[in-house]
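Encoded as structure tokens, the structure appears first; notes follow it.
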Amino acid sequence: MDAEGDGAPLSLDVKINGVPYKTILADRLRADVKAKGLHPTGLCGFFLAIPEGEQLQASDLVSVRPVGAERDLSGSPALCKGAEHQTPAPPPQSPTPSPPAATAAATETGQPKISSAVLTLPELPPLPPPPQRNSLRIFADSFTALFLRQMKLRYGSQRFGYFLAIAEPLFYMALLRGSRMLAGRGGGKFGGEEGGVDGFYYHSIGVISFFIFIRVFNSCMGSISAAKGIFSYRQVRPIDAVLVAAVIELMMMLALKFVIVFVLLWIGRPVEADNLLGFFAAIGLLFSLALGLGLWADVYITKNQEIRRFVDMMNRPLLFLSGAFFTMEQIPDLIAPYIIWNPILHGVDLARGEMLSAYDSPGSWVYIGLWTLFSLWIGFVAYRKHLSHLTN
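Using this note's numbering, read the sequence shown as starting at 5 and increasing by one per residue.
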């Protein structure tokens, strides 16, 4: 059978001693093959009766291969050994009579046996059993395949794909640093110091922390619809596509952070990492918060694409309300009671406070932690509830 075809019977070329003999169709029913689920119809068997006068001789070499294929079937070519035997009748599944059936009927009436040859196939060693994979291994294999696929589609197919992925946060860092330089704050020059560290590094903490949230959230939306074509594979689930999209964005933003630190250290600018573990804890909360909200939004966007317009409209003000450009201590008292409810603001400010020893963030770990648990709960509840719709 053609592993990539629709189960239609194949044509086979039969050669004897390298000379084409006949083309036959593999359209006989193999009930055992169909019962095991190896073929949709079971019409994959073949039978060839050689008429009297053309019998195979000892040392004849018989080969069989599909028409147009580059190699023979398994066990072909095979060497023949001469013998006296009655030509076997074909299986009775074929709807049309065949020459072997007529030969068998003639033998039953007392006619002499036909001299032929026995086609001896070599004994092949049994195939090894397929490796057993548990659910964790299946998830890991599926995640790896989806990860490589998404990296190639998102960034590898464009000439400047990887640069464009980090260009937006770099632009906002440069814009923020330039505006503060023109305002006469933060050292008075682009490479001046602020908060005891390089000004560009100081602003990169807030910008990258915010972009981790917004990039993960936006990448989760639409990831299920984009990967819907591969859900026909039983091993791939919709949640895999969401996780892969989120992890890719997290890796890109963390890679940008490490590149900035490396370049600043290389040129001799002051940087600081007061509590690296606390920084990653704040980043982990922002990532989980974005993952839960993104999964929840993606489930309902898959059901109704109009929802995405409202979500995109709400995304834009978050850049100016989530502490990417300012600390919580710099919020005016007039609007502080309202902005302080934003959980993203707490996560971004906590990340800044963990990296800089000169800044003690007033953000609440408990508040953003509760928001993260709530977002993951509503995300996975929605996913579980509408799973059948997502895979159809």
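By construction, the Cβ of each residue, glycine as well, lies at the ideal position given by its N, Cα and C atoms.
Would you call residue i buried or exposed, if buried means 16 or more other Cβ atoms sit within 10 Å of its Cβ?
| i | result |
| --- | --- |
| F283 | buried |
| S146 | buried |
| M317 | exposed |
| W345 | exposed |
| N222 | buried |
| K26 | exposed |
| L29 | exposed |
| T331 | buried |
| G272 | exposed |
| S292 | buried |
| W270 | exposed |
| A73 | exposed |
| L374 | exposed |
| P173 | buried |
| F204 | buried |
Suppose the cutoff is 7 Å on Cβ atoms and the five residues either side in sequence are ignored; what does the same chain contact list for residue i look like?
| i | result |
| --- | --- |
| D6 | L14 |
| N21 | D64, L65 |
| I234 | V240 |
| D31 | P13, L47 |
| K389 | none |
| M359 | I209, E276, A277, D278, F283 |
| Y159 | G165, Y166, A169 |
| M256 | A169, I170 |
| L254 | I216, V220, F291 |
Between the C-alpha atoms of residue i and residue j, what's the straight-line distance to the nearest angstrom?
| i | j | result |
| --- | --- | --- |
| D10 | D36 | 19 Å |
| G357 | Y363 | 5 Å |
| I305 | L16 | 50 Å |
| W381 | G296 | 7 Å |
| H43 | R34 | 9 Å |
| I252 | C224 | 11 Å |
| R184 | A301 | 36 Å |
| P135 | A144 | 15 Å |
| L391 | L377 | 21 Å |
| E333 | L150 | 42 Å |
| K40 | F384 | 37 Å |
| F266 | P341 | 38 Å |
| W369 | A286 | 8 Å |
| A249 | T45 | 39 Å |
| R238 | V23 | 45 Å |
| P321 | P347 | 14 Å |
| K307 | L299 | 13 Å |
| S98 | K38 | Residue placement at S98 is poorly supported in this model, since its pLDDT is 47, which falls under 50; the coordinates are not used for a value here. |
| F314 | L325 | 18 Å |
| L268 | Q309 | 43 Å |
Please confirm whether residue i has its beta-carbon closer than 8 Å to some beta-carbon of chain B.
| i | result |
| --- | --- |
| S292 | The structure shown contains no chain B, having only a single protein chain. |
Per the DSSP calculation, residue i is bridged to which residue(s)?
| i | result |
| --- | --- |
| R32 | G49 |
| S67 | K19 |
| T148 | Paired residues: none, contrary to the question. |
| T395 | Partner(s): none; T395 has no beta bridge. |
| L83 | L65 |
| T27 | D17 |
Taking 6 Å as the limit between beta carbons, can you name the residues of its chain near residue i, skipping five residues before and five after?
| i | result |
| --- | --- |
| S213 | V352, A355 |
| P242 | I228, L394 |
| V201 | P274, V275, E276 |
| F329 | L180 |
| Q115 | Any reading at Q115 needs caution, since the residue's pLDDT is 44, under 50, leaving its predicted position unreliable; the model's value is listed next. There are no such residues. |
| V246 | C224, S227, L299 |
If you drop the 5 nearest sequence neighbours on each side, which residues of the same chain put their C-beta closer than 8 Å to that of residue i?
| i | result |
| --- | --- |
| T100 | Only weak support is given to the placement of T100: the predicted model assigns it a pLDDT of 46, under 50, and the value that follows is read from those uncertain coordinates. Cβ within range, chain order: n/a, list empty. |
| I335 | I343, I344 |
| F76 | Sequence check: residue 76 is Asp here, not Phe. Cβ within range, chain order: S67, V68, R69. |
Exercise for review: Go through the region 176-247 residue by residue and report every complete run of the alpha helix (DSSP H) that reaches 4 residues or more, in order.
Suggested key: DSSP assignment within the region 176-247 yields the following whole alpha helix (DSSP H) runs of 4 residues or more, N-terminal first: 203-224, 227-230.
Review point. Which full runs of the alpha helix (DSSP H) of 4+ residues lie inside the region 330-383, going along the chain?
Key: Runs found: 340-343, 347-359.
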